[in-house]
Amino acid sequence: MSDLARLRLWLRRAAPSPSNLVKAIFMASLAAVAGTGLFIGAIALLVVSANRPGLGAIGAFLIGIELVAFLRSPLRFGERMSTHRLGFAAVQHWREWLMRTVGSWNYSRGQLYATGDLLERSLTDTEELQDLWLRAVIPSLATLVTLFVSDVTVAVLAPSGRWWVSALVLVVVQGGAAMIVLSRLSVHVRADRHVRARRGEYVANLVSSRAAAPEIEQLRASDFLRQRDANAVDSLRRAEDAQRRTRQRDFGVCVAGSLAALAGVALTHPRSAPVWMIVASLVAVATFESLSTLRGALHIAVAVTAGAERLDELTCATPTASSPWPTDHTISCHDVLVQSHLGPRRVNTSIAPGQRVAISGPSGAGKSTLLRALAHLDEPSGGSITIGERDLADIAEDQLRHHLVLVPSEPGLLRGYVRDVLSMGRELHDEDVKELARLGLRVDLNDQWAELSRGERQRVALVRALVRRPDVILLDEPTSALGESETTAVLTLLSTLSATVIIATHDPRVLTWCDQVIDLVRTSA
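Taken in order, the sequence shown gives residues 46 to 570; the numbers are from this note's numbering.
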């Protein structure tokens with residue numbers, strides 16, 4: 046996607062209200078025209094005063110200048126209000142788009158981005174994109190309107206003769222210079238990317254150099270370190286110099302455009318009154334300010350392109366598994382490496398469908414680590430896990446989450462009422478409430494989730510996991526906060542299921558209930 050196409054896409058994603066957009070452009074254009082009019086009118090007033098002395102002769106000019114000067118500040122305030130309203134609405138739409146995009150991800154896609162990174166993109170990058178409206182698009186459109194109004198004014202005020210030639214020269218010169226400035230977006234973006242890359246290399250070198258400084262000093266290789274840092278600094282300086290030259294060329298275009306417009310008026314002017322010549326010449330001179338505004342808008346567009354690129358990365362397709370859930374639910378661990386405080390342990394086992402298996406070991410032995418690997422929430426340090434004949438990583442994630450569930454030792458479900466946690470957006474059935482009672486839970490559906498005890502939350506989370514009637518249930522210390530009667534109720538409920546149950550535990554009652562025990566202490570290293 047080209048840089049211009051990317052910026053247009055983000056402008057469309059802002060979904061601006063047509064009325065707010067028109068109002069913002071109108072107010073910005075009026076403010077810009079008033080500024081140019083004040084500049085031209087003040088000098089024209091001096092010329093008129095010199096040629097036609099007397100207050101009566103220049104009264105109309107004075108009133109006009111005072112009116113423009115008086116209205117300029119309110120117009121500028123109105124422009125700021127309109128453009129900021131447009132910018133705030135754009136940020137809201139962009140963040141809604143971001144929430145929809147991230148909300149559609151599966152777990153594996155979400156793991157590619159750190160929470161802080163997503164937070165920075167949703168806050169910093171969208172805030173920077175606001176400048177696309179406030180300091181790039183709206184000022185550029187207002188500047189183009191100002192140029193058009195100025196040229197029309199020159200044409201209307203011109204006496205008889207070749208006035209249209211002068212107006213046409215102004216239009217051609219101003220339009221050509223504006224197109225040259227705006228067409229250099231890709232050149233500036235490439236220069237900006239180059240500077241960011243070199244700056245990143247410089248910072249990376251700086252950090253690694255400071256971290257390795259003691260070892261480098263012992264090896265007497267500090268000269269190598271200094272040379273590498275010097276090369277990084279030199280590379281960054283060259284990139285910044287190249288970017289500076291690129292911006293200077295834009296400044297040259299602004300100066301050349303203004304001089305060309307002035308020369309065009311001087312060479313093509315008809316025999317006319319001095320006032321018209323002054324107005325036409327000042328319009329040509331004001332071309333520099335207008336082109337400088339476009340130049341500034343271009344630099345803002347370049348600055349926000351980096352944020353737009355980072356946000357667009359979130360929509361890039363990533364390879365996903367597509368195999369369906371196998372009919373054979375046999376779970377096999379092939380040399381699965383589990384890291385723990387006991388040292389690395391290798392697990393080789395096969396779990397038949399419907400079997401009840403315990404993973405035992407002291408705290409820190411790797412029980413939760415193995416469970417998360419079986420749930421494909423984390424990749425094992427080594428080895429592979431298969432279900433039937435399929436590798437766990439090849440099974441489509443929506444299929445895997447439907448047929449395999451994990452209840453952690455500390456359920457991190459959403460806040461709200463017990464009813465909300467159980468239903469999670471679906472209709473709540475009577476069977477769900479009955480299962481709560483079978484587990485010995487005396488909670489009301491309207492109780493606050495945060496007010497439940499740890500044992501109560503564990504049992505509510507268990508019922509929530511059983512809603513989909515999964516084929517494989519993974520439980521992490523489900524009875525650690527339960528008494529004997531509550532533990533018996535949990536095991537009784539699990540006994541009624543045909544699903545494979547794998548429990549990480551060191552509870553003797555659960556170990557006795559299971560058909561097979563994987564002892565991580567005795568597992569080979």
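By construction, the Cβ of each residue, glycine as well, lies at the ideal position given by its N, Cα and C atoms. As the structure is a prediction and not an experimental result, all values here were calculated from the model.
Rounded straight-line distance, which links the Cα of residue j to that of residue i
i	j	result
R121	E334	17 Å
R117	G80	7 Å
S368	A441	5 Å
E529	I432	34 Å
C559	V402	5 Å
T545	I430	15 Å
V512	E496	23 Å
T169	A242	20 Å
V392	I404	11 Å
A506	V488	13 Å
N151	W55	24 Å
G326	V248	The sequence given here places Ser at residue 326; Gly does not occur at that position. About 50 Å.
V300	V217	16 Å
L215	G82	17 Å
H447	L164	29 Å
M508	G406	According to the sequence displayed, residue 508 carries Val and not Met. Rounded to the nearest angstrom, the two C-alpha atoms are 26 Å apart.
L445	R166	30 Å
A438	P456	24 Å
T414	H421	11 Å
F84	S228	29 Å
S377	L356	40 Å
L419	K412	11 Å
A305	Y158	52 Å
L230	I345	10 Å
L49	L387	56 Å
L66	A342	17 Å
L556	G155	35 Å
Spatial neighbours of residue i in its chain, beta-carbon cut-off 7 Å, leaving aside the 5 residues before and after
i	result
M72	L120, G123, E124, S127
V194	V78
A510	V450, V452, I518
S153	E442
T188	A77, S335, T338, L339
T291	V232, H233, A236
R58	H138, W139, W142
One or two residues paired with residue i in a DSSP bridge
i	result
L120	Answer by DSSP bridge pairing: none, since L120 is not bridged.
G428	The partner list for G428 (beta bridge, DSSP) is empty, contrary to what the question assumes.
T545	V517
Q493	Y462
S595	In this structure the chain extends from 46 to 570, so residue 595 is not present and cannot be described.
A403	I548, V562
T436	Thr is not the amino acid found at residue 436; the sequence shown has Asp there. In the DSSP output, where bridge partners are listed per residue, D436 has T431.
L449	V517
L382	R391, G427
S368	I440
Cβ pair residue i, residue j closer than 7 Å
i	j	result
T524	D492	no
S385	A410	yes
L174	G352	yes
V349	D176	yes
R417	L565	no
A397	T372	no
S74	V197	no
A526	R499	yes
N250	D268	no
A549	D521	yes
V347	H233	yes
T171	V210	no
A284	V240	yes
A277	E246	yes
V463	L490	yes
Residue-level contact to chain C via CB, residue i, 7 Å cutoff
i	result
D560	The displayed structure is made up of one protein chain only, and chain C is not part of it.
Neighbourhood of residue i by C-beta distance below 6 Å, restricted to the same chain and skipping five residues each side
i	result
A223	L339
Q561	V402
A331	T81
L536	W558
G428	H379, D380, V381, L382
Proximity test, residue i beta-carbon vs the ligand GDP heavy atom, cut-off 6 Å
i	result
D492	By its list of ligands, the structure shown contains no ligand whatsoever, and the ligand GDP lies outside what it can speak to.
Do the region 173 to 185 and the region 131 to 138 touch if we need at least three Cβ pairs shorter than 8 Å?
yes
Three or more C-beta pairs closer than 8 Å, one from the region 145 to 152 and one from the region 60 to 70: is that the case here?
no
Should the region 526 to 540 be called in touch with the region 372 to 391, which here means at least 3 C-beta pairs below 8 Å?
no
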